[in-house]
Each structure stands twice: as C-alpha cells, then as structure tokens.
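Counting the sequence shown from 1 gives a position; the working numbering is that position plus 742. Ideal placement from N, C-alpha and C gives every residue a C-beta, glycine not left out.
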Amino acid sequence: MSRSPDPNWLGNATIYQIYVRSFADADGDGNGDIDGVVEHLPYIKSLGVDAIWLSPIMPSPNHDWGYDVSDYYSVASDYGGMPALRRLIEQTSQLSLKVILDLIPNHTSSEHPWFVSARSNVESPYRDYYVWADPSDDGGVPNNWLDATGSSAWTYDSNSQQYFLHNFLSTQPDLNWWNPKVQEEFQNILRFWFDRGIDGFRVDVAHGIFKDRLLRDDPAAPTTDASPFTHFGLLETYSKNRPEVHALFRNWRQLAATYQPPKLLIGETWVGDVDRMIRFYGNNDELDLAMNFPFTFADFQARTIAPLITETLGKLPAGAYGCWAASNHDISRFPTRWCNDDEARVRSALMLLATLPGTLILYYGDELGLGDSVLENQMLRDEITAQTSVGFKRDYARTPMPWNNDPKHGFTQGNPWLPFGQVTTSVETQQADEHSILNLTRKLLSIRRENVSSPLVTCLLDELAWSYRVGQLEVHINFSDQRVQHPTSAGILIDSRGSERPVPEGRNTLEPFDAFIIRSS
743 MSRSPDPNWL GNATIYQIYV RSFADADGDG NGDIDGVVEH LPYIKSLGVD AIWLSPIMPS
803 PNHDWGYDVS DYYSVASDYG GMPALRRLIE QTSQLSLKVI LDLIPNHTSS EHPWFVSARS
863 NVESPYRDYY VWADPSDDGG VPNNWLDATG SSAWTYDSNS QQYFLHNFLS TQPDLNWWNP
923 KVQEEFQNIL RFWFDRGIDG FRVDVAHGIF KDRLLRDDPA APTTDASPFT HFGLLETYSK
983 NRPEVHALFR NWRQLAATYQ PPKLLIGETW VGDVDRMIRF YGNNDELDLA MNFPFTFADF
1043 QARTIAPLIT ETLGKLPAGA YGCWAASNHD ISRFPTRWCN DDEARVRSAL MLLATLPGTL
1103 ILYYGDELGL GDSVLENQML RDEITAQTSV GFKRDYARTP MPWNNDPKHG FTQGNPWLPF
1163 GQVTTSVETQ QADEHSILNL TRKLLSIRRE NVSSPLVTCL LDELAWSYRV GQLEVHINFS
1223 DQRVQHPTSA GILIDSRGSE RPVPEGRNTL EPFDAFIIRS S
C-alpha cells in the first residue's frame, strides 16, 4: 500500500514520538528495539496517529544514547540492524503510517571514522570536517562557549596542539558546516535514507548547525532571564543561531521535493520567541515544521498560552503549519511540567493539544498521562544531565513504557536498561477503562482527523479560561481552580472523560481545570 500523497496532511496530522530503547523489547535483552515497535504497531495505529518518529537508531557508542552517531549509513545492532528497519517500513506502509528518523547533523561521535582520522593527522582529508581552533593568546580555550553540561565547549588535543569544539559532550565533536564537503556528505545521507523508504527526518539541533566563523564570545544573558533558552548565563548568539543555516534548509527542502510524495523535514528549533522560530519556515521553502518551544515551555495558563498559539498561527507563511509538542525525550513530561500530575489538568491539556490546527507531536506515554519518574541518582544513565546541577534529569522522561501490570510491565523479559520508577498505570489497565486517558486520547485524535484543519478563532479569553473555534469544533478550557460558565453553541458536547451528550445553545459550566468540546450538529 502506498502512503498518502496529500500535501495537506500536516494540517491535522499527529506524529507519535518513540524513544526506541524504552518502548518495547522484542529480544529480551532489556533494551527496546525496532521489532518491539513492529509488535506494537496495532496499538500505535489504534491511537489514530499518522506517523511515528524514532529516536536515533544509527550505530553509536551511546555516550548520548544515539545522539553521538558513529555511522550514518546503518542501523545499530542493539535495535535489530537494517533488517528490522526494513520490516518496520514494510509493516507501517501497510498501515499507512509514515516513518520519521532522527538526523544528527550538528556533531558526530568521537568514534566516527571522520573524527578518528581528523584527530590522528592534521593533514587528514577529514580534518576540516570539524571545528578546530588555536589556544587563545593566554594559552586557554579559544572563547567562552559552553557545552551542554556548562563546561567549556572546547577540548584540547595534545597531538595537534589545537582545541576541538563540542556543544554537547567531549565525545560529540561539532561538524564544520562551513566546509562544502560536509554539506555534500549530508546530501548523500539524506538521499540514502529517503531511497530506503524513510518519509522524513526530525533534524536535531536545527538552530545550531552553523557556528560564527570568527568564533566570537557569546554575550552574557540578562541576569533577570531564567528561561530555558539561556545557556548557563549566556545567550547563544555565536555558538548557535547563525543565519547561514537557512540556505542549508532551503537546499534540503529542494532535495526532499524531488521525491513523491515529498519527504518531511522537522526542525528541533530551540529558540525563545515565535519570530525566530517562524524564520525556519522561510517562505514555506525551508523546514516543513519548526518545533515551537516557546509554546512547549509556556505556563499552562489562559493568558500565557492562548496568545502564543494565536501569534504562531498568525505569523506562519502561506501554506505552512504549526507544530505543537508538550513533551519529548529532553524535557519534563507535560503531565508533570504543565499539570502537576493532576489528572483533570492532563485531560484538559490533551483537549487543547488535539484541537490545535497544524501538526501535533505526542511523546510515547502522553496518551496515558504519564508524568516524570524520578529515579535515584545511581540509577541514571544520561551522561549530560549527570554532569550538571539541574534538578530535572532527562532519564525521568525516558523510563520504559508500562504495557501491563506484571513485574516488568510487559516491556522486557530481561533487566530493563533503565528502571521504571513510579508506575501508577499501564496500557492494559487503561484499555479496559472506557473513560481512561488513553481512550480519551483515541477519541480526541479521531475528532482531530475529521474536524481540525480550519483557522482558529478565539471566542472568549480572560484570566481563567479560553474558548475558541476550529472548524466545527468549539473548545472550552478552564485553566483555573474556579468554576466558570461559558456561552456555548448547540451541538454534541464531549467532556473530558470522553462522554458525549447533545446540548442546546446556552451556557454550560466548566469545573476547575476542566474542559469540553462542542461539535456542531
């Protein structure tokens, strides 16, 4: 079965992000794998999603769990190798599900053959594939750039008496995108995977691929700025966020358009305001979707989140779509971060997410309302957050999927690579409950597919609540701990438990932190 060629599918699409190592283990070694995903495709399809996005599956020494690639042209044996990916592509094609992979163009593993060669000899043809710099005048690091742990982003190489750049771990040297050969290498990498049936890529660190050619110091952030977009007290003005990346994405979009249907490009655009995020769309000729982190990190309050959504929708270029995600593998899950693990708020947040025009990305477990699982420090596996003083550790959002209520929760027959933490629910439990968050999510995604592709129009916005209309849907969300009443249209009211009933035009009550949808008759 061929996949849908509809170019407008992004207007109400849902993408399901799978952290493969934590999703399902088919071979019993304690690590999730691609065949585990294949075994659970009926479940994924039952959610009503259109595509799956897999966390990195290319070979890696796993200092950053696949985000340190040692071979861009293969699949790690941990995950089942290329044969497992071929099985996945075959099965997803039969189910009309698209497959999106993670692409890591900002850096490689220090074990990648390019870097091994570059480090071994200054005359290596791969030397200029990476960013090297002489010591500063005082013999120290070239500039003040910091890596993801808060330490210097430069490591000294005694063999060549130069420093190499790494915006993440020292085992993840940054590529030099000023080198045309690096750009050519990635054109070939894209074609390789597209030719094998991959439907697109989520581009890691999309905002950071190019660096300032002069290696200027990053400026200090205002002392009052404590947002997720400041970097250990610095604004990443020169170490990332360079304008040259836009020409690169235009070239990639042109390459993607040579396939039918065109391949998809989603950017991890970690920028702090809507205007800068919108630039990654270009004139709808760069990225297809730019991840909206100002939305993701907004307070879950009416007066905060509603203006961000309407600003985004109002500034998108013609023909482009917004991209909405509330959880991912790097940050606290939305039930914890937005909702304080309160079930009523989780249900309201899902009703919001499912009714926004554009593309929704759900992270595995969002459909169950899974929050963060706090683990003891000695149980953590993530090297980056282990080296920082931040309270949130990325492993809290990466614990294995609880499929059932057995001791190992149906994830593995072996010892899970990461502990489960606090398991309070499972797919099995929620499947059996008509009014569970899982079954609410299924209903919402069904409604989304049928109704959400029209402009969003605000009906009411105040300090407590927000009401808006999208196509045939009228959405009412109470963000407060007070009971409120809203004027509503006649139609079928769908409440936050998934129940339906007809209502006449009039006023309906929203309980604290509650939400409902009215679908026009």
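Judged by their CB atoms, S862 and R1140 are not nearer to each other than the 7 Å cut-off. Beta-bridge partners assigned by DSSP to E986: none are found. Between N773 and W1159, the C-beta spacing is below 7 Å. Excluding sequence positions up to five before and after M1121, its CB lies within less than 7 Å of the CB of P1161, all in the same chain and listed in chain order.
Our two residues, N930 and K1185, have alpha carbons roughly 41 Å apart in a direct line. In this chain, the beta strand (DSSP E) harbouring G942 covers G942 to V945. The shortest C-alpha to C-alpha distance from L956 to any of D946, A999, N918 and P922 is the one to N918. Apart from sequence neighbours up to five positions away, the residues of its chain that approach E1253 with a beta-carbon distance below 8 Å are A1086, N1220 and R1225, ordered along the chain.
Of S912, Q836, T1154 and L990, the smallest CA-CA separation from H805 is found for S912. A direct Cα-to-Cα measurement between F1035 and W1012 gives close to 6 Å. Counting along the chain, G1240 sits inside no beta strand (DSSP E), nor does DSSP assign it H or E at all. E781 is positioned such that its CB atom lies no closer than 7 Å to that of A793.
Partner residues in the beta bridge of F1258, as assigned by DSSP, are H1218 and D1237. For the 7 Å CB-CB criterion, N1070 and Y1106 do not form a contact.
Our two residues, G882 and D954, have alpha carbons roughly 19 Å apart in a direct line. Pairwise C-beta distances place the stretch 1162-1180 out of contact with the stretch 1189-1200, as fewer than three of them are shorter than 8 Å. By a beta-carbon distance limit of 8 Å, V1217 does not contact M1033. Their separation comes to about 23 Å. Two segments are said to touch when three or more pairs of C-beta atoms, one from each, lie closer than 8 Å; by this definition the stretch 1042-1051 does not touch the stretch 999-1014. Each residue's CA atom was taken as its position, placing I760 and S878 some 43 Å apart. Taking the C-beta atoms as reference points, Q1129 is found nearer than 7 Å to T891. Boundaries of the beta strand (DSSP E) around F906: Q904 to L907. No residue range can be given for S866, since it is assigned to no alpha helix (DSSP H) and is classified by DSSP as neither H nor E. Relative to the Cα of D1083, the nearest Cα in the group Y872, G1113, D1072 and A1068 belongs to G1113.
For N1147, same chain residues with a beta-carbon under 8 Å away, outside a window of 5 residues either side, are S1168, E1170 and T1171 in chain order.
In this structure, the CA atom of T1200 is about 20 Å from the CA atom of A1062.
Shown here for I842: same chain residues with a beta carbon closer than 8 Å to its own, the five before and five after excluded, namely I757, A793, I794, W795, L796, I940, D941, G942, F943, R944, L1006 and I1008 in chain order. Between D775 and V791, the beta carbon gap of about 20 Å keeps them out of contact (Cβ cut-off 8 Å). Of the residues assessed, L837 falls on the exposed side of the cut-off, its CB having fewer than 16 other CB atoms within 10 angstroms. Counting every other CB atom within 10 Å of its CB across the protein chains shown gives P961 a total below 16, marking it as exposed. Under the DSSP definition of a beta bridge, C1065 partners with T1101. Its chain contains A860 as the residues whose beta carbon lies nearer than 7 Å to that of R869, once the 5 sequence neighbours on both sides are disregarded; these appear in chain order.
One alpha carbon belongs to G770, the other to M1143, and they sit about 15 Å apart. Out of D1256, A895 and T1230, the CA that lies nearest to the CA of P1244 is found in T1230. Pairing D1137 with L1110 gives a Cβ-Cβ distance that is not under 7 Å. Sixteen is the threshold: since fewer than 16 other Cβ atoms of the shown chains lie within 10 Å of the Cβ of R1249, the residue is exposed. Residue pairing from DSSP places D916 in a beta bridge opposite H849.
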